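Data block below; observations after.
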Amino acid sequence: MNDKKDRARERTKEIAAEFSKSGDATGWFEALYKEAQGNNESIPWADLEPNRFLRAWAEKANLRGNGRKALVVGCGLGDDAKFLYDLGFDVTAFDISPTAIEWAKKLHADTNIKFETADLFHPFRGWLGAFDFVLEVYTIQPLPLETREKVIDAIAAFAAPESELVVVTRGREDDEEPLELPWALSRKDLARFEMNGLEQTGFEIMPGDEDTPADRFVVQYKKTK
Ligand SMILES: C[S@@+](CC[C@H](N)C(=O)[O-])C[C@H]1O[C@@H](n2cnc3c(N)ncnc32)[C@H](O)[C@@H]1O
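Quick note: the sequence shown uses the numbering used here, first residue 450, plus one each step.
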């Protein structure tokens, strides 16, 4: 068990609860990144390396960028953006937290990844339908359940015709209640992507790890219309 990450998870829940009491569903991300003062161990998801479930899927799929335009949604410190960059994608990555984006820019200063502070719900217009590969890792799951469809619609809107979209998330059964933050996704939740013209082309279930044992879903889509 990693005690520092356990403490970080507890603190994250406290900050998120404080903000959500005042009706602010996303303000806690910036507060958490700021409070961390550059120490990634205070951020539960920030390991300074690519997400291991994404990497396992990408290796199996032999993912290559070949100059394709990728967008990383809710990129945090940018390690998954860097992973796609190293695979040959032309990468744009954004996050609602300005502190996370400044941090990511410093960590990946030796790349030409375009890091931007932006809100998923108010994106740059030029990003809509503009990306060949859209990646979301753990961004849907911490946002309130009642906004889930809106979140998925907003992510799907970045996909260009014939593009790919990949989701990495904690998974749950359709009849399982999501009890606490982060609220895992069910297949029923994910079906919303298909209502946005994305056809599911892959679905992998991977066992979690010792610290966070929940199964992970790695789900792949192709934009058909
Ligand atoms: C659980 S973290 C995951 C970060 C990163 N994807 C990773 O796996 O390391 C969720 C991220 O989504 C960002 N986020 C939350 N709401 C957002 C929004 N409305 N627009 C853009 N980013 C958002 C948060 O600031 C945070 O960095």
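For every residue, glycine included, the Cβ atom is placed at its ideal position computed from N, Cα and C. Please read these numbers as outputs of a predicted model, since none were measured by experiment.
Given a cut-off of 8 Å on the beta-carbon distance, is the pair residue 550 and residue 566 in contact?
yes
For residue 469, report the span of its beta strand (DSSP E) as first-last.
Going by DSSP, residue 469 is part of no beta strand (DSSP E) but of the alpha helix (DSSP H) stretching over 452-470.
Own chain residues within Cβ distance below 6 Å of residue 540, not counting five before or after
519, 530, 533, 534 and 562
Answer yes if the region 497-509 comes into contact with the region 619-635, meaning at least three C-beta pairs across the two stretches below 8 Å, and no otherwise.
Counting C-beta pairs closer than 8 Å gives fewer than three between the region 619-635 and the region 497-509, which falls short of the contact rule.
Comparing the CB of residue 543 with every heavy atom of ligand 1, is any distance shorter than 7 Å?
yes
Thinking C-beta only, is residue 583 closer than 8 Å to residue 604?
The answer is yes: Cβ separation under 8 Å.
Near ligand 1: residue 469 beta-carbon under 7 Å from a heavy atom
no
C-alpha distance - residue 618 paired with residue 659, whole-angstrom precision:
16 Å
Do you know how far the Cα of residue 571 is from the Cα of residue 595?
So the two alpha carbons sit approximately 18 Å from each other.
Identity of the residue in 609, 615, 638 and 664 nearest residue 651 by Cα
615
Taking 7 Å as the limit between beta carbons, can you name the residues of its chain near residue 495, skipping five residues before and five after?
Contacts found: 489, 525 and 526.
Opposing strand residues paired with residue 490 [DSSP bridges]:
According to DSSP, residue 490 bridges with nothing at all.
Apart from the five residues on each side of it in sequence, which residues of its chain come closer than 8 Å, Cβ to Cβ, to residue 455?
660
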